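Heads up: the sequence shown is residues 1 to 490, going by the UniProt record's numbering. Everything below concerns the one structure shown next.
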Amino acid sequence: MHTGARFDLVAAAKQAVAEQGFWPEFPAEVKAEVKQILTQPAPLNARAEDLRGLLWSSIDNDTSRDLDQIEYADILPDGRMRVRIGIADVDAYVPRGSAIDRYAEHETVTLYTGVKNFSMLPEELSTGLTSLLEGEDRLCMVTEFVLDANVCQTESCVAESRIYPALVNNKAQLAYPAVGAWLAGRGEAPEKVAASPELQEQLRLQDRIASRLRAERVKHGALNLDLAEAHSTVEDGEIHLGTELRNPATDLIEDFMIAANGVVARTFRAKGIASIRRVVRVPKRWDRIVELAAELGTDLPAEPDARALNDFLCARKEADPDRFPDLSLAVVKLLGPGEYVLERAGAPEIGHFGLAVEDYTHSTAPNRRYADLVTQRLLKAMVAGAATPYTEDELSAIATNCTVRAAAERKLERAMQKRIAAVALADRIGQRFRAIVTGANERGTFVRTLTPHVDGMLVQGKHGLDVGDKIEVKLVHTDPAHGFIDFARA
């Protein structure tokens, strides 16, 4: 649908960014630093291994230019499989305490509003010098790990690992939809993949390894969820009420990143280095998850149990695959969001309920997340044998700020998705939609329509409803200026 001149979504995005406490524009000192960086030669690292000859590739969204990671896998002479994940060396251009770093520390994350991206780092870096773009030599930190060729002995299948700096070159910049369809056997190979038997073999090997990593996590209770996330965008004046779907390519990258983050976390713990962890504690609304399972004929334990929950989810996916995304959405909402915490050296593990891993940090997206940039500095100091660059108090303060900012980010992105949808649905007042309840609290009852995926408030007929209930609703009002989409129970 064309946006026309009815409502300026870009202006609304800038206003919403500022209202949530983010800075929509880079200050003058940041721009001055960028100009200086662009006149300087690329930084050198004498310890960096030259791995430009490997067939590295990246898989990301179709339009992504801020590429944080590339991947390469091979089989060792003894039959074990090795994975190398290269993470862009952002710290090489953004030293701690610089104006760019101070801005990034305040923002903590790149904001994706559907109409305009507000980058944590200036785009000359995040989509340029620090992005692992195809055909460009780049510095990175490599997280390398080897899987046992026969039987996985740990939740991650990792037998050994190491972390080191390297010089790399991305040979193929690929996108999730096309690679995912090809890996699933539902589409032709993308042009770059079709032209290279070596790349085809490489991606299929990565897919096999990712499947093994995933299967081992599932054994330990990693939740088998199938989410269809609302992802509305505006391109060339046209509104697209879209949905982000999982596919083998998104799963591959997710599995590799979880494994890499686990390697980093275990390395920090083994060396007694304090760090920032990303955790999802046991769900606060486990009782409602138990109720949903009971409605479907399954008895879950009274206390949170990730493995029992995953067994239930796997059974429901097989029994009713068409409705499984609805159940997945309800469970995710009841689990609640994650948070960043300080992991002190030698302290007990908090763990990550949804991923069924005890060792989990954020290290793989330093162009987009500040916690990952901090982790990168900790890793570089460790590799160089230098003192850790942060005190525990500093890490704790950063973790707290990242958690607060993450909540603001979610609120901002929800509001913008609603504004975009409100413009698109303005001429559909009175239409009926199938929906699922996604929230029920003192602020109101919230629903998500299933086709298209749109979030809104239930303003009539909300009595007695709870998260996970499926209902039919009628659209009664939209207000793009405030991001309001109101439904009544049909």
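From the three backbone atoms N, C-alpha and C, an ideal C-beta is built for every residue, glycine too. None of the values given here were measured: they were computed from a predicted structure.
**Prompt:** So what does ASN117 bridge to, in DSSP terms?
**Reply:** According to DSSP, which records beta bridges pairwise, ASN117 is partnered with TYR112.
**Message:** If I follow the unbroken alpha helix (DSSP H) through ASP255, where does it start and stop?
**Reply:** That run of the alpha helix (DSSP H) goes 248-271.
**Item:** Residues near ILE70 in its chain [Cβ-Cβ closer than 7 angstroms; skip 5 each side]
**Value:** TRP56, SER57, SER58, GLY86, LEU132, VAL168 and ASN170, listed in sequence order.
**Message:** Out of HIS362, VAL115 and ARG369, which one is the CA nearest neighbour of residue 492?
**Reply:** Nothing in the structure corresponds to residue 492, since the chain is present only between 1 and 490.
**Prompt:** Can you tell me the Cα-Cα spacing of VAL90 and ASN401, whole angstroms?
**Reply:** Whole-angstrom Cα-Cα distance: 20 angstroms.
**Request:** Report back the beta-carbon spacing between ALA399 and TYR340 to the nearest angstrom; my notes put them in contact at under 8 angstroms.
**Result:** So it is a contact: roughly 4 angstroms between Cβ atoms.
**Item:** Where SER211 falls: helix, strand or coil (DSSP)
**Value:** DSSP places SER211 in helix when its eight states are reduced to three.
**Asked** Under the rule that 16 or more other beta-carbon atoms within 10 Å means buried, what is VAL10, buried or exposed?
**Response** So VAL10 counts as exposed.
**Item:** Environment of ILE289 [buried if 16+ CB atoms lie within 10 Å]
**Value:** Buried, by the Cβ-count rule.
**Message:** Could you tell me the alpha carbon to alpha carbon distance between ASP74 and ALA260, rounded to whole angstroms?
**Reply:** Distance between the alpha carbons of ASP74 and ALA260 is about 16 angstroms.
**Request:** Run the CB neighbour count on PRO95, radius 10 Å, all protein chains shown included, and call it buried at 16 or more, exposed below.
**Result:** The residue is exposed, with fewer than 16 neighbouring Cβ atoms inside 10 Å.
**Asked** How long is the line joining the alpha carbons of MET120 and ALA371, rounded to whole angstroms?
**Response** Each residue's Cα considered, the two are about 12 angstroms apart.
**Request:** Can you tell me which of ALA274, VAL282, LEU183 and CYS140 puts its alpha carbon nearest to the alpha carbon of THR250?
**Result:** From the listed residues ALA274, VAL282, LEU183 and CYS140, the smallest Cα separation to THR250 is found for LEU183.
**Message:** For a test of the three-state rule: what should DSSP assign to GLN165, helix, strand or coil?
**Reply:** In the sequence under discussion, the amino acid at residue 165 is Pro, which differs from the Gln named in the question. Three-state DSSP puts PRO165 in a strand.
**Message:** Give me the DSSP bridge partner(s) of ARG432.
**Reply:** LYS474.
**Request:** Would you give the residue range spanned by the alpha helix (DSSP H) that LEU327 belongs to?
**Result:** Note, LEU327: alpha helix (DSSP H), 324-335.
**Asked** What's the call for TRP286, buried or exposed, on a 16-neighbour Cβ count within 10 Å?
**Response** Taking a 10 Å sphere around the C-beta of TRP286, we find 16 or more other C-beta atoms and assign the residue as buried.
**alpha helix (DSSP H) segment containing GLY180, residue limits** = In the DSSP assignment, GLY180 falls within the alpha helix (DSSP H) that extends over 176-183.
**Message:** Our contact map puts ILE485 next to ALA422 with C-beta atoms below 8 angstroms; I'd like the distance itself, whole angstroms only.
**Reply:** Between ALA422 and ILE485 the Cβ distance is about 5 angstroms, and since that is below 8 angstroms, they are a contact.
**Asked** Can you tell me the Cα-Cα spacing of ALA330 and ALA46, whole angstroms?
**Response** Distance from the CA of ALA330 to the CA of ALA46, rounded to the nearest whole angstrom, comes to 50 angstroms.
**Prompt:** Once you ignore the five residues that flank GLN153 on each side, which residues in its own chain have a CB closer than 8 angstroms to its CB?
**Reply:** Caution is warranted here: a pLDDT of 48 is assigned to GLN153, below 50, making its placement in the model unreliable, and the coordinate value is therefore given only provisionally. Excluding its 5 nearest sequence neighbours in each direction, GLN153 has C-beta neighbours in its own chain below 8 angstroms: ALA159, listed in chain order.
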